Amino acid sequence: MKTPAHMFFGGLLPFCMICLMMDDIYASLYKLKVCGAFSTMFTAFIIVIIVTVSVGMVCTYYQLSKQDHQWWWRSVFRGGSIAIFMFAYGLYFYARAKARISLSLLEFLCYNACLFYAVFLILGTIGFYAASVIFQCVDLQLKRRN
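Shown next, in the form of structure tokens:
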């Protein structure tokens, strides 16, 4: 599989896990709703981390089994690609709640771009470490065989 396919599938599964929570997260971020946003965001972040690690390990193992040893940047892109889905959901949220949000489109896009750039870097790093762990395990198993 090519890198865009890895990014699509690597970001789609974690996003599907938190898709229902995204509305509450956006509504509380932009002061449209008062709720337990911190517990919702923390729960969503833990779910995303667990699923990102799992997807990263499975995809890296699959990639290594196909003798494709260029896993470094793919693991970063695959881990952080959920941020692209979250940004796209932000555009959907803005279009749906435009009358209630006091920010202009440019402000909203800038805030979201900064927020999800940070999410991309954080989850990309987590995806890289997950891929690194599975690579070390596979490498250790290969050394034991020989």
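For the sequence shown, our numbering assigns the number 601 to the initial residue and increments by one for each residue that follows.
C-beta: ideal position from N, C-alpha, C; glycine also.
Bear in mind the structure is a predicted one, so any value in this text is a computation, not a measurement.
So the candidates are the options; which of them puts its Cα closest to the Cα of residue i?
i: Val676; options: Val738, Phe608, Ile726; result: Ile726
i: Phe615; options: Phe693, His669, Val738, Phe687; result: Phe687
i: Ile701; options: Ala683, Ser732, His606, Ser628; result: Ser628
i: Lys698; options: Ile684, Tyr630, Tyr717; result: Tyr630
i: Met607; options: Leu706, Arg674, Tyr626; result: Arg674
i: Leu715; options: Val634, Leu705, Ile649, Ala683; result: Ala683
Would you report the Cα separation of residue i and residue j, rounded to the nearest angstrom?
i: Phe708; j: Arg745; result: 55 Å
i: Thr640; j: Asp624; result: 8 Å
i: Ile647; j: Phe728; result: 17 Å
i: Leu620; j: Leu691; result: 16 Å
i: Asp739; j: Phe642; result: 34 Å
i: Phe685; j: Lys602; result: 19 Å
Considering only residues of the same chain and omitting the five flanking positions on each side of residue i, which have a CB-CB separation below 8 Å?
i: Phe735; result: Thr660, Leu664, Trp671
Closer than 6 Å by C-beta to residue i: which residues in its own chain qualify, once you throw out the five before and the five after it? Chain order, please.
i: Phe693; result: Tyr626
i: Met622; result: Tyr689
Item to check | alpha helix (DSSP H) runs contained entirely in the stretch 657-738, provided each spans 4 or more residues | outcome: For the stretch 657-738, whole alpha helix (DSSP H) runs of length 4 or above, ordered along the chain, are 672-680, 682-696.
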